[in-house]
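Residue numbers (my numbering), protein chains in the order written: chain V, 1 to 89; chain H, 90 to 239.
Note that CB positions come from ideal geometry on N, CA and C, so glycine has one too.
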Amino acid sequence: MKIKVELFGASREFSKNNLIEFEIKNNSTIKNIRDEMINYLDLKFDGNKDFKKIVETSVFCTENNNIVSDNYKITKNQKIAIIPPIGGG
Amino acid sequence: MLHAKIINIKEKRISLSEAEKFISSSDYGASIYFTGTVRNQNNNKSVIGITYDSHDALVIKSFEEIYKETEKKLNILNKAVFIEHAKGYLNLGEISIIIAVACKHRDEAYILSRYIIEEIKKRSPIWKKEHYVDNQSDWLKGNPIVNEKN
């Protein structure tokens, strides 16, 4: 399956495209996406600790705008948003 | 009655007069306007501007949820609430957020206004990138969002 992770906030620094694509196995979970992102940061940014911490402290949001937990199963190609720690106002 | 919107500042600016029009009614005897503006200092750094980023759909959803729950949690039934948050680059002193509320009485207006801004800080996916006088910039660390729906 192809998953596009849409980047927000500090995670926008991970790619100029504001989006990272991953090829994942069927029935993968959000936890697998998180692991893929950590691997991506190891490769592209030499394991930048600040970037990895952003992924570790983020939540993820489905196309239907629901925040989902790490064991949520991804059943189709879709766009997932990474939601880093927030602070508006 | 709720107005909730993200304003792309490339298209328009947030304006108090629109908030005033929306909440104005003889049903209400108390109105409060809260604005957040860009400050020139943070963590001992001289700030020249802030870029705001947002997940628009989730932010609007959070505004609607916060508005709805004020009925049960605060028991404030009759109210007008206007919330707008900016997205994009703002200079010093520019408005990043307006929360305008109108209620029958002042007690509930103060409570409502404070409740809404505190919940937005905790729950609405909005991010700030500060820009400094030395041409550096940094995303603020923020607080992890609470995952309530597993």
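Practice problem: Output the distance between the C-alpha atoms of K238 (chain H) and A189 (chain H), rounded to the nearest integer angstrom. | Solution: Because the pLDDT of K238 (chain H) is 49, which lies under 50, any placement of that residue in the model is unreliable, and the number read from its coordinates should be weighed accordingly. Taking the straight line joining both Cα atoms gives about 29 Å.
Quiz item: Since S213 (chain H) sits in a beta bridge, which residues does DSSP pair it with?
Solution: S213 (chain H) is not bridged to any residue.
Quiz item: According to a CB-to-CB cut-off of less than 8 Å, which residues of the stretch 47-69 of chain V neighbour chain H?
Solution: T57, S58, V59, C61, N65, N66, I67, V68, S69
Quiz item: If the cut is a Cβ gap below 8 Å, which residues of chain V does Y141 (chain H) touch?
Solution: G88
Exercise. Spatial neighbours of Y204 (chain H) within its chain, please: CB distance less than 7 Å, with the 5 preceding and 5 following residues excluded, ordered by chain position.
Key: T159, L163
Quiz prompt | Inter-residue spacing [alpha-carbon to alpha-carbon] between R34 (chain V) and S11 (chain V) | solution = 13 Å
Quiz item: Is S213 (chain H) close to chain V, meaning its C-beta is less than 9 Å from at least one C-beta of that chain?
Solution: True, the Cβ-Cβ gap to chain V drops below 9 Å.
Exercise. Please name the residue in V:T62, V:N66, V:D42, V:N65 whose C-alpha comes closest to that of V55 (chain V).
Key: V:D42
Quiz prompt | chain V residues whose Cβ lies nearer than 7 Å to that of N224 (chain H) | solution = Against chain V, the beta carbon of N224 (chain H) has no neighbour under 7 Å; the closest one sits roughly 17 Å away.
Practice problem: List the residues of chain V that K217 (chain H) touches, going by C-beta distances under 8 Å, in chain order. | Solution: G87, G88
Quiz item: By the criterion of Cβ-Cβ separation under 7 Å, what are the contact partners of F14 (chain V) in chain H?
Solution: Simply none; closest approach about 12 Å.
Quiz item: Roughly how many whole angstroms lie between the Cα atoms of I3 (chain V) and K218 (chain H)?
Solution: The alpha-carbon atoms of I3 (chain V) and K218 (chain H) are separated by roughly 27 Å.
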